[in-house]
Amino acid sequence: MLSNEKGEFVFEHLPAGSFRVAVRSKGMETFASNDIVLPAGRRFELPLIELPFAPTNTEVQVVVTEEAIAQEQMKAEEKQRILGILPNFYTSYIWNAAPLRPKQKFELSLKSVTDPVAIAAVAVSAGIEQANNTFPGYGQGAEGYAKRFGAGYADRTIGRLLSSAVFPSIFRQDPRYFYRGTGSIKSRALYAIGSALICKGDNGELQPNYSHVLGNFAAAGISNLYRAQEDRTASLTIRNGFILTAGNAATNLIREFISRKISSNVPSYAQGKPLE
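With UniProt numbering, letter number 159 in the sequence shown gets 159, and the count goes up by one each step, no holes.
Now the structure itself:
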């Protein structure tokens, strides 16, 4: 039925009786009038009819990828500091944290080596080496200190990149220490020490820690390229490789028994391995 020139609908020649008017339009609520009783020849005009929009249901699905979860967890770890000062970036207090992608492994390692506190630690170490005349081939004075600082920072940077980014990306291993927090003191200590040689793979399974061990010895070997000639020895390379690996075990013990209590910005829900 078509409306007139004013947009009105006119129903003519209706018999006497009871009528109802219903108005429907797609996407709008239906209008239905009450009974309208018309005697013969009676004219009746309905009031203005306005149809409101019909209510609709919209379903929104939010999908969070594993990579996005890992990114958020990594950003939280970058805020962890022992006593509010010392970086504690490589400790995950979330036992089943999402694995890091290669890009994230490099991001975390670069964050670690460029942290001002880490650089200051290298500077202090270089000063102690100079005072003890460690690596005498570098000499003394400002030049000797600069060489010691440069070598120390190179050691730290190369070691971190190799053991926490390059090799973990190649072997698909997680470079972080996963805080356990449950079990006997002995079992936790053995776990911490063993984590220097055993790590969690990106698939969640335990694996030989090729990344840290190879990274430690590779970094020790590369250091011969910039050490003073008289300090370049195979025994020094091997010794430094073992020292770095033993250092990982000692650091893990601190992570397991001490750092959780004195680290800032650790999420309250991050409590290590759940009780079985």
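Glycine is no exception: its CB is placed at the ideal position from the N, C-alpha and C atoms.
Here residue 91 is bridged, per DSSP, to 177. Here residue 123 has 149 as same chain residues with Cβ atoms under 8 Å from its own Cβ, once five neighbours each way along the sequence are excluded. By DSSP's assignment, residue 28 forms a beta bridge with 53. By the criterion of a C-beta distance shorter than 6 Å, residue 263 is surrounded in its chain by 80, 82 and 88, once the five residues flanking it on both sides are discounted.
Membership of residue 207 in the beta strand (DSSP E) is indicated by the continuous run 206-208. The distance from the Cβ of residue 137 to that of residue 228 is about 2 Å, consistent with a contact at the 8 Å cut-off. Your pair residue 202 and residue 176 does not check out as a contact, with CB atoms roughly 11 Å apart and the cut at 8 Å. Residue environment analysis places residue 168 among the buried positions, since at least 16 neighbouring C-beta atoms fall within 10 angstroms of its C-beta.
No residue range can be given for residue 258, since it is assigned to no alpha helix (DSSP H) and is classified by DSSP as neither H nor E. In terms of Cβ geometry, residue 224 and residue 159 do not form a close pair [threshold 8 Å]. As the crow flies, the alpha-carbon of residue 213 is around 8 Å from that of residue 241. Residue environment: residue 56 is assigned as exposed (fewer than 16 neighbouring CB atoms within 10 Å of its CB, all protein chains considered). Just measuring C-alpha positions, the residue of 109, 42 and 91 sitting nearest residue 162 is 109. With the rule of 3 Cβ pairs closer than 8 Å, the stretch 57-67 does not count as touching the stretch 30-44. The C-alpha of residue 183 is placed about 21 Å away from the C-alpha of residue 248.
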